[in-house]
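Working notes for the structure below.
Written out as structure tokens, the structure reads:
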């Protein structure tokens, strides 16, 4: 029976080639899109799960509030890890990781800038699954000035040589002994490293303060079967024991009084496997994902698959009249309803199988594009996984049964007597269901078009918003610290060129997510003394004018005032925080080392700079302090707008003279700003592709339905033409039904799209308003595409010879 049903199914698919082609194409694209999204979702959900002890690894987080300013940070003081291991037997191991940013690495004649360099304790290999391919994990990071590198870097620097025992020169000053080679960390890890350096390095790695130098990401490994919530309940005692004395030294208040005033000092644990999708804290080792987008993309996968299945059901029920006589004859010859249902389900499953095979081919071709779009490294090897293949087989069967069930039940219900007398009706119920499914398809499409439009409008708003500084025509030279004490000479030679307007050296730019540049500040407001945590940036005399910031009160730093070494420029947010109407001449005190008898350094406010955005527009402008203390992390040069290539070559030539052998790396301030929104840009790109696919699949079905409608109304069109109907009138006749459905889809989609996109916009402190024209535009696009799709058959029918139509009838 199965073999016979299979033969009949294949024969019928070949017989109705047009509808089979539309169904196969729509289903294939739908399945391919769904599987690609599922690969994406699977990768996101599996972050860090490759670690054998993932269920026992936790990151320690500090939740702090000081003077009204709150921040959650991954960075803790250096002694945290050791204290947790010593004080709590349930903590089996602990490891500190410190991201070092970019370092120059040299071996022989090879010299490169490497961006994934970290410090870590030797316990890293006891906690995380990072296998050493050579070297001893117990001793690899114990001694000073030792490092391990991954297999990719080993090949890059040493080729086929064994790197262990070789020396590398880092940042043109330190010799490091290679003690091991580790396997490349998987892409679905929340942190990566090419080089891991021991903490015991010559130039220091911080101090023993819990609050004075919060620069270390700390992970703990709990004993087996220990509830982390029970351990977390013990962490207040850690705060009181270790942070309490430092807080009292800084503030003169006990930890109890400090907390009673509404401040906060709390430690809590974050499960390793929650980090990637549930964490967006200060000083993340790398940008994380967002569970919200995983849910959204999963829903889109379901929607697109449903749209493809709806196409199948619509076309099958719409074309039922073409199969009516076949059903009637089979029933007369003895086939019961269950036999017919099995036959139609077999056809559906065969169609689903063909579509799945096409979908796998599409995935093979599309996966490089999808990886580029999503920033992933997904591979087709997923498809060689038995579980994944089993999942595809189950999905194929499910789609076949889902898409084929209603047509099978509907067509098999035809009565043979009515069929053979030519009185078969497709029925109002089936027409209503087809219309409902078309409405669903286009409502989903309009929602995605609206979402895409709003995402790109918000990105356009971000890119064109006045930021309080000038990001145009400014070139950023990275790693200027390599120049050492020659950095000022380097700057002076460049700014003396007529093409350069000005230049500055600084440790922080307003185009990067702030890390640990917070300082603890004390100031006096109109009522009493207030203490808070604020961004503290080290700049030079030319920082404000070079970045195009505006002094609105007081003055900029000046070489004419020797006292400016104890001066500070604040932004408007600082003045608001301390409730200063006249901030010039006010004093701020910054905490320094807890070991000093007087841990405060006092600065006088000499100027107020207009508020400027220095992080993502998801955040409100926070207080910022500018101190005259040049730090050469970056050099920035503002240049005249023409001959950009010449300016770059000029600066590069100076760099090569001052730092021979060191790679020259630059960027443009406006591009660095745009990089703050890479995640949002990626989401917008993905949405636009999915919206296009949803509409394309929907239009395939609409194309088939239009062909069926035109064929069904052939006689009516012929009569109307004989009676003088115009071509435009006939096109209107065939299109109006679909236009009504699109309008209904529009009405349904507007509140849904508004609700979800308004929620998305709430993530931004500065955002667009959702205007009515966005919905009109989305609905208009959907209507235009739908009518264009339908118009082919409408025009074809309207221009046909009515004599042929009536004679065929």
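In this note's numbering, the protein residues as written are 10 to 818.
By construction, the Cβ of each residue, glycine as well, lies at the ideal position given by its N, Cα and C atoms.
Beta-carbon proximity check, residue i vs residue j, cutoff 9 Å
{"i": "residue 230", "j": "residue 100", "result": "yes"}
{"i": "residue 313", "j": "residue 706", "result": "yes"}
{"i": "residue 109", "j": "residue 127", "result": "yes"}
{"i": "residue 676", "j": "residue 484", "result": "yes"}
{"i": "residue 583", "j": "residue 639", "result": "no"}
{"i": "residue 758", "j": "residue 784", "result": "yes"}
{"i": "residue 382", "j": "residue 691", "result": "yes"}
{"i": "residue 190", "j": "residue 151", "result": "no"}
{"i": "residue 471", "j": "residue 496", "result": "no"}
{"i": "residue 242", "j": "residue 37", "result": "no"}
{"i": "residue 516", "j": "residue 641", "result": "yes"}
{"i": "residue 481", "j": "residue 679", "result": "yes"}
{"i": "residue 637", "j": "residue 573", "result": "yes"}
{"i": "residue 477", "j": "residue 559", "result": "yes"}
{"i": "residue 455", "j": "residue 46", "result": "no"}
{"i": "residue 273", "j": "residue 79", "result": "yes"}
{"i": "residue 1", "j": "residue 290", "result": "One cannot answer for residue 1 here, as it falls past the ends of the chain, which runs 10 to 818."}
{"i": "residue 459", "j": "residue 766", "result": "yes"}
{"i": "residue 40", "j": "residue 404", "result": "yes"}
{"i": "residue 479", "j": "residue 557", "result": "yes"}
{"i": "residue 57", "j": "residue 199", "result": "yes"}
{"i": "residue 142", "j": "residue 160", "result": "yes"}
Host beta strand (DSSP E) of residue i (start-end)
{"i": "residue 275", "result": "273-280"}
{"i": "residue 101", "result": "100-116"}
{"i": "residue 176", "result": "176-179"}
{"i": "residue 515", "result": "509-515"}
{"i": "residue 389", "result": "Premise fails: residue 389 is in no beta strand (DSSP E) and is neither H nor E."}
{"i": "residue 202", "result": "Here residue 202 belongs to no beta strand (DSSP E), and DSSP marks it neither H nor E."}
{"i": "residue 227", "result": "225-231"}
{"i": "residue 484", "result": "483-487"}
{"i": "residue 70", "result": "66-75"}
Sequence-distant residues of its chain with Cβ nearer than 6 Å to residue i (five each side left out)
{"i": "residue 465", "result": "693"}
{"i": "residue 575", "result": "612"}
{"i": "residue 448", "result": "750, 753 and 754"}
{"i": "residue 195", "result": "59"}
{"i": "residue 5", "result": "The first residue shown for the chain is 10 and the last is 818, placing residue 5 beyond what the model contains."}
{"i": "residue 42", "result": "313 and 702"}
{"i": "residue 134", "result": "146"}
{"i": "residue 649", "result": "508"}
{"i": "residue 800", "result": "none"}
{"i": "residue 235", "result": "99"}
{"i": "residue 551", "result": "511 and 513"}
Other residues of its chain near residue i: CB distance less than 8 Å, five sequence neighbours each side excluded
{"i": "residue 113", "result": "120, 121, 122, 123, 179, 180, 181, 488, 491, 671 and 672"}
{"i": "residue 214", "result": "Here residue 214 scores only 44 on pLDDT, less than 50, and its place in the model is too uncertain to base an answer on."}
{"i": "residue 389", "result": "372, 373 and 376"}
{"i": "residue 537", "result": "Reliability of the predicted coordinates at residue 537 is poor, the pLDDT of 49 falling under 50, and the value obtained from them is presented with this limitation in mind. Nothing meets the Cβ criterion."}
{"i": "residue 798", "result": "708, 711, 712 and 715"}
{"i": "residue 237", "result": "67, 231, 278 and 280"}
Cβ-heavy atom distance, residue i to the ligand MG, below 8 Å
{"i": "residue 674", "result": "With respect to the ligand MG, the structure shown offers nothing to examine, as it has no ligands at all."}
Cβ of residue i within 9 Å of any chain B Cβ
{"i": "residue 704", "result": "Here chain B cannot be found, since the structure has a single protein chain."}
Range of the contiguous alpha helix (DSSP H) that encloses residue i
{"i": "residue 256", "result": "253-260"}
{"i": "residue 497", "result": "496-504"}
{"i": "residue 160", "result": "160-167"}
{"i": "residue 128", "result": "Here residue 128 belongs to no alpha helix (DSSP H); instead the beta strand (DSSP E) covers 119-129."}
{"i": "residue 238", "result": "237-241"}
{"i": "residue 139", "result": "No alpha helix (DSSP H) holds residue 139; DSSP gives it neither H nor E."}
{"i": "residue 631", "result": "That residue, residue 631, is in no alpha helix (DSSP H); it is neither H nor E in DSSP."}
{"i": "residue 246", "result": "244-247"}
{"i": "residue 265", "result": "264-269"}
{"i": "residue 585", "result": "581-586"}
{"i": "residue 95", "result": "89-96"}
Cut-off 7 Å between Cβ atoms - residues of its own chain near residue i, not counting five sequence neighbours on either side
{"i": "residue 709", "result": "31, 34, 35 and 320"}
{"i": "residue 662", "result": "none"}
{"i": "residue 162", "result": "203 and 204"}
With a floor of 3 residues, list each beta strand (DSSP E) that falls wholly inside the stretch 633-666, ordered by position along the chain.
The stretch 633-666 contains these whole beta strand (DSSP E) runs: 633-637 and 643-648.
Give, in chain order, every unbroken run of the beta strand (DSSP E) that is at least 3 residues long and sits entirely within the stretch 663-691.
Whole beta strand (DSSP E) segments, 3+ residues: 675-677.
Would you say the stretch 503-520 touches the stretch 580-600, given that touching needs at least three Cβ pairs under 8 Å?
No contact exists between the stretch 503-520 and the stretch 580-600.
Do the stretch 253-271 and the stretch 295-310 make contact, defined as three or more Cβ pairs closer than 8 Å?
Note that the stretch 253-271 does not touch the stretch 295-310; fewer than 3 beta-carbon pairs, one per stretch, sit closer than 8 Å.
Runs of beta strand (DSSP E) lying entirely within the stretch 542-576, each at least 3 residues, in chain order:
Runs of the beta strand (DSSP E) inside the stretch 542-576: 560-563.
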